[in-house]
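A.B. asks: Order-wise, the sequence lines are chains A and B.
For this note's numbering, add 30 to where a residue sits in the first sequence, where the first one is 1.
For this note's numbering, add 30 to where a residue sits in the second sequence, where the first one is 1.
There are 2 protein chains.
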Amino acid sequence: MIDINTRIGWIGTGVMGAPMCAHLLSAGFPVCVHSRTRARAQALVDAGACWRGTPADVAGGCDIVFTMLGMPDEVESVYFGEQGLLPAVQPGRVLVDMSTTSPSLSRRIHDAAAEKAVRTVDAPVSGGDVGARNATLTVMAGGDRDTVASLQPLFDRIARVVSYMGAAGSGQHAKMCNQLVVAGTMIGVCEALVYAARAGLDCEELVEAIRPGAAGCWTLDNLAPRINRDDYAPGFMVEHFVKDLGIALDEAYRMGLKLPGLELAFDLYRQVRHSGYGRSGTQALVHVLRAMLME
Amino acid sequence: MIDINTRIGWIGTGVMGAPMCAHLLSAGFPVCVHSRTRARAQALVDAGACWRGTPADVAGGCDIVFTMLGMPDEVESVYFGEQGLLPAVQPGRVLVDMSTTSPSLSRRIHDAAAEKAVRTVDAPVSGGDVGARNATLTVMAGGDRDTVASLQPLFDRIARVVSYMGAAGSGQHAKMCNQLVVAGTMIGVCEALVYAARAGLDCEELVEAIRPGAAGCWTLDNLAPRINRDDYAPGFMVEHFVKDLGIALDEAYRMGLKLPGLELAFDLYRQVRHSGYGRSGTQALVHVLRAMLME
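So, in structure tokens, the structure goes:
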């Protein structure tokens, strides 16, 4: 049972992790924090969190440990490394990975933890940095149903909706589905804006004209206006999207699926990254499409 | 100036045209109607419309003629045929093509009409059969701005929004942009559902989980639930979407654009048609994707 004395660990204090952790801290829970770059945790420490030098140190003194990391190799080393969570965690504790990582890795963490009587939940989110700051994220959770349910008082501090998707890895699978839809809308919206500009249409009027109908989507509402004012600041970074699409593609292959839209998206977004937009927002796809004139 | 005595002509009484024409008729305008298949105009004739045997006969006695046809070759013959509109229309009249057709054809109609001092508007719509019945369509209009504005009292009877997009052909260009976005969302949503089923997720729960975030789109809200209950009835028919995507591709090539998402969508939807789903709804894309297992 979670109460106000439940000791929370938090690893990963980037653009997503820092505000999520801050919500738990300001709710009054005792929080221990670790991140690869200590400076990025300083604001949390100033607000009352205890710094811990390694993931193992976090695991040692916390009942529930959350991780929110950028890349699968970080997740791998935070869980399996010599100073990682799994070698140090005590029976009965709970590990919650909110990073977007591969369903296979989530299952591997689950199985390794189960051998130590430790429960794990994969709980990737959508909603981006804005959702993290406003505590309006959507959580897609995989793992034991009762364990996910028991975390609700903590999820309530950082998310608007928690959807239970099934056994370990299912939260990650749901996130992959989310990214598949996002990939499709990104390609559609960016190609429409490239076409519109070339055809001499007013791109702002176009967006207003097509928004109310079957073309309506979050990307058209939120990212098309940014493209129209040449704003490529991230929201969600290209290099993270490439990572997610690569995971989705690996999992699709593993399941014997051929998904041509996903293949195209992965290929295009690698070109976007290669063109120097790795740390731009995903709307930077439009640059690569604009450059793709016919021979 | 349009008043209640303005004589309206209407050509094309299919699933879209019939209810649109009925709205003008029930508003009290005198309406002459023609369609390729007379039986499909009978309900309108019973409601007070005058039947005319050819487009030329419609043009002869009407101030403003609307066309709402399925395929560009029908538009071509209704406008340019021996018994078509253009040979018969009188100076000062207005021709409004609400079909989705090529921007190039719209400009050709405009130029031929201009030689006879006849004004034309290309005014394709989005919103589908439901929008047509409920008079909640979105109109994307190209042509002379004042002419478009003068039609507002008629558009008000069939549409919720009219967006002026620019010179002749611009309405069609805007519709192509609409279809580009729709194509992206269709591919993304269908691939996500194929992936989800294969990963063992509950597809209905998945849709609810990802709807509130960046994956949110009209297609997810409206067509994913149909796929989840195996309902492939059209909404919008595959064969019409193939036609639209083909037009968009031709226009993109003409403008020197390479749009890989559009190319993929056109290729996939031709496979959908070839697989026997030409008269199914566009959500039938999922059948082709499901069959696309890895070798």
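All residues carry an ideal CB built from backbone N, CA and C; glycine is no exception.
State yes or no: is the beta carbon of B:Ile-217 nearer than 8 Å to at least one beta carbon in chain A?
C.D. replies: With 8 Å as the cut-off, B:Ile-217 counts as an interface residue toward chain A.
A.B. asks: So, helix, strand or coil for B:Tyr-262, using DSSP?
C.D. replies: Note: B:Tyr-262 maps to coil in three-state DSSP.
A.B. asks: Would DSSP call B:Leu-125 helix, strand or coil?
C.D. replies: Strand.
A.B. asks: The alpha helix (DSSP H) that contains B:Arg-137, what's its start and end?
C.D. replies: First-last of the alpha helix (DSSP H) with B:Arg-137: 133-144.
A.B. asks: Within 8 Å, do at least three Cβ pairs link the segment 207-222 of chain B to the segment 175-189 of chain B?
C.D. replies: No: the two stretches stay apart, fewer than three of their Cβ pairs being nearer than 8 Å.
A.B. asks: Applying the 10 Å Cβ sphere with the 16-neighbour rule, what's the burial state of A:Tyr-283?
C.D. replies: Burial call: exposed.
A.B. asks: One question on the structure: do A:Ala-153 and A:Met-206 come within less than 8 Å of each other, judged by their Cβ atoms?
C.D. replies: No; because the gap between Cβ atoms is not below 8 Å, this pair is not in contact.
A.B. asks: Counting pairs of beta carbons, one from the segment 230-240 of chain A and one from the segment 296-312 of chain B, are three or more of them closer than 8 Å?
C.D. replies: With the cut-off at 8 Å, the segment 230-240 of chain A and the segment 296-312 of chain B do not touch.
A.B. asks: In chain B, what lies closer than 7 Å to A:Lys-273 by C-beta?
C.D. replies: The premise fails here: A:Lys-273 is roughly 16 Å from chain B at the closest Cβ pair, so nothing lies under 7 Å.
A.B. asks: Any idea if A:Val-160 is buried or exposed, counting beta-carbon neighbours within 10 angstroms, 16 or more meaning buried?
C.D. replies: Label assigned to A:Val-160: exposed.
A.B. asks: According to DSSP, what are the bridge partners of B:Gly-173?
C.D. replies: Beta-bridge pairing links B:Gly-173 to B:Val-151.
A.B. asks: Quick check: is the beta carbon of B:Ile-240 nearer than 8 Å to any beta carbon in chain A?
C.D. replies: With 8 Å as the cut-off, B:Ile-240 counts as an interface residue toward chain A.
A.B. asks: Just the Cα atoms here: how many angstroms apart are A:Gly-90 and A:Tyr-109?
C.D. replies: Near 13 Å, if we compare the C-alpha coordinates of A:Tyr-109 and A:Gly-90.
A.B. asks: Exposed or buried, which one is B:Thr-332 when buried takes at least 16 other CB atoms within 10 Å?
C.D. replies: Nothing can be reported for residue 332 of chain B, as the shown portion of chain B is limited to 31 through 325.
A.B. asks: Quick one: list the residues of chain B neighbouring A:Met-170, beta-carbon separation under 7 Å, in chain order.
C.D. replies: The answer, in chain order, is Ala-239.
A.B. asks: State the Cα-Cα distance for the pair A:Ala-226 and B:Leu-253, rounded to the nearest angstrom.
C.D. replies: A:Ala-226 and B:Leu-253: Cα-Cα distance of roughly 26 Å.
A.B. asks: Among the candidates B:Pro-117, B:Ala-222, B:Val-126, whose CA atom is the shortest distance from the CA of B:Ile-41?
C.D. replies: The shortest C-alpha separation from B:Ile-41 is found at B:Val-126.
A.B. asks: Anyone know if the C-beta pair for A:Ser-156 and B:Ala-222 falls short of 8 Å?
C.D. replies: Not closer than 8 Å, so no.
A.B. asks: To the nearest angstrom, report how far apart B:Leu-54 and B:Ala-197 are at their CA atoms.
C.D. replies: When rounded, the distance between both Cα atoms is 26 Å.
A.B. asks: Given that A:Met-267 touches chain E, what residues does it touch there, using C-beta distances under 8 Å?
C.D. replies: Note that chain E does not occur in the displayed structure, where the protein chains are A and B.
A.B. asks: Once the 5 residues before and after A:Gly-201 are set aside, which same chain residues still bring their CB inside 6 Å of it?
C.D. replies: The answer, listed in chain order, is Asp-152, Ala-153, Pro-154, Met-170, Ala-171, Gly-172, Met-195.
A.B. asks: Please look up how many angstroms separate the CB atoms of A:Trp-248 and B:Cys-247, rounded, as I've assumed it's under 8 Å.
C.D. replies: Yes, they are in contact, since the Cβ atoms of A:Trp-248 and B:Cys-247 sit about 7 Å apart, within 8 Å.
A.B. asks: Where does B:Cys-207 fall in DSSP's three states?
C.D. replies: Here B:Cys-207 sits in helix by DSSP.
A.B. asks: Indicate whether the contact test is met: 3 or more Cβ pairs, each with one atom in the segment 92-112 of chain A and one in the segment 122-138 of chain A, closer than 8 Å.
C.D. replies: Segments in contact, yes.
A.B. asks: Measuring only between beta-carbons, confirm whether A:Arg-187 sits less than 8 Å from chain B.
C.D. replies: By this cut-off, A:Arg-187 is not an interface position.
A.B. asks: Quick check: what's the CA-CA separation for A:Arg-82 versus A:Cys-62?
C.D. replies: Spanning the two alpha carbons is a distance of roughly 6 Å.
A.B. asks: Rounded to a whole number of angstroms, what is the C-alpha to C-alpha distance between B:Ala-142 and B:Leu-116?
C.D. replies: So the two alpha carbons sit approximately 8 Å from each other.
A.B. asks: Could you tell me whether the Cβ atoms of B:Leu-294 and B:Met-216 are closer together than 8 Å?
C.D. replies: It is not a contact, given that the beta carbons lie outside the stated cut-off.
A.B. asks: Can you give the Cα-Cα distance for A:Gly-47 and A:Ser-65, rounded to whole angstroms?
C.D. replies: So the two alpha carbons sit approximately 10 Å from each other.
A.B. asks: Identify, in the order they occur along the chain, each residue of the same chain with its Cβ nearer than 8 Å to the Cβ of B:Gly-276, setting aside the five sequence neighbours on each side.
C.D. replies: Excluding positions up to five away in sequence, the list reads Phe-296.
A.B. asks: For the candidate residues A:Leu-323, A:His-203, A:Phe-59, whose alpha-carbon lies nearest to that of A:Leu-132?
C.D. replies: It should be pointed out that residue 132 of chain A corresponds to Ser in this sequence rather than to Leu. Closest option to A:Ser-132, Cα to Cα, is A:His-203.
A.B. asks: State buried or exposed for A:Gln-182, treating a residue as buried only when at least 16 other CB atoms are found within 10 Å of its CB.
C.D. replies: Label assigned to A:Gln-182: exposed.
A.B. asks: Closest Cβ-Cβ distance between B:Ser-156 and chain A: below 8 Å?
C.D. replies: It does: the Cβ of B:Ser-156 has a partner Cβ on chain A nearer than 8 Å.
A.B. asks: At a CB-CB cut-off below 7 Å, which residues of chain A make contact with B:Arg-228?
C.D. replies: Ordered by position in chain A, the residues that pass the 7 Å Cβ test against B:Arg-228 are Met-285, Leu-287.
A.B. asks: Under 8 Å between C-beta atoms, does B:Pro-290 make it to chain A?
C.D. replies: With 8 Å as the cut-off, B:Pro-290 counts as an interface residue toward chain A.
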